[in-house]
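Written below as structure tokens is the structure these notes are about.
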Ligand SMILES: Cc1cc2nc3c(=O)[nH]c(=O)nc-3n(C[C@H](O)[C@H](O)[C@H](O)COP(=O)(O)OP(=O)(O)OC[C@H]3O[C@@H](n4cnc5c(N)ncnc54)[C@H](O)[C@@H]3O)c2cc1C
């Protein structure tokens, strides 16, 4: 947990893409390391009726989309950054805290790719939650791809995805 004035808090604040998100100052920022941490944080927020924002890659430009002001707090998902390509190389499992620039290079080393954002700074969490598409989606046959989300929502009415398993395609020529 970090508070205004601390180096960690200020570093996280300026990492947002849009100034209007940077300008919002939450009472504190929390950085869960596991899905269980996330569950505990959500439960505490809901039980105590504390408003919160969820931040993966911070590229949403809408004010208040992934940051919050005043008595609210922001959840930084950057530490949920696991990454594993399946042995059969047909799927990849990754945490919501990663950005597409961290997903593509290790896949490309194996001649593989996934349906992701074009900008390397875009977070996988917000991108997948928003159902975005990439430029070459038709060429990699989106209809054959599937994504399975790990959902964390104990005692919380909102479903949130913190980890996803996505089917892979060989790279287009
Ligand atoms: C410079 C730039 C380049 C872009 N390039 C592309 C592109 O190439 N292709 C494309 O399709 N789009 C692109 N976008 C749009 C981008 O995909 C969306 O803005 C996306 O929502 C950003 O996700 P994020 O995780 O980086 O942002 P965040 O601001 O962290 O999150 C976006 C939203 O998703 C929510 N969210 C994040 N993680 C989770 C989670 N685990 N569970 C539930 N909700 C969550 C947040 O609360 C927030 O409301 C671009 C945007 C910018 C500013």
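In our numbering, the protein residues as written are 100 to 272. Heads up, the beta-carbon is just placed ideally off N, CA and C, and yes, glycines get one too.
**Q.** Helix, strand or coil at residue 102 according to DSSP, with G and I counted as helix
**A.** coil
Q. Does the beta carbon of residue 159 fall short of 7 Å from some heavy atom of ligand 1?
A. yes
Q.
At a cut-off of 7 Å, would you count residue 226 as near ligand 1, judging by its Cβ distance to the nearest heavy atom?
A. yes
Q.
Quick check: does the Cβ of residue 217 come within less than 7 Å of any heavy atom belonging to ligand 1?
A. yes
Q: To the nearest angstrom, report how far apart residue 156 and residue 218 are at their CA atoms.
A: 11 Å
Q: Check residue 169 in the structure and name its three-state DSSP category.
A: strand
Q | CB contact check: residue 122 to chain D, cutoff 8 Å | A | No chain D appears in the structure shown, which is made up of a single protein chain.
(Q) Give the list of continuous beta strand (DSSP E) stretches no shorter than 3 residues that lie fully inside the stretch 185 to 225. (A) 190 to 194
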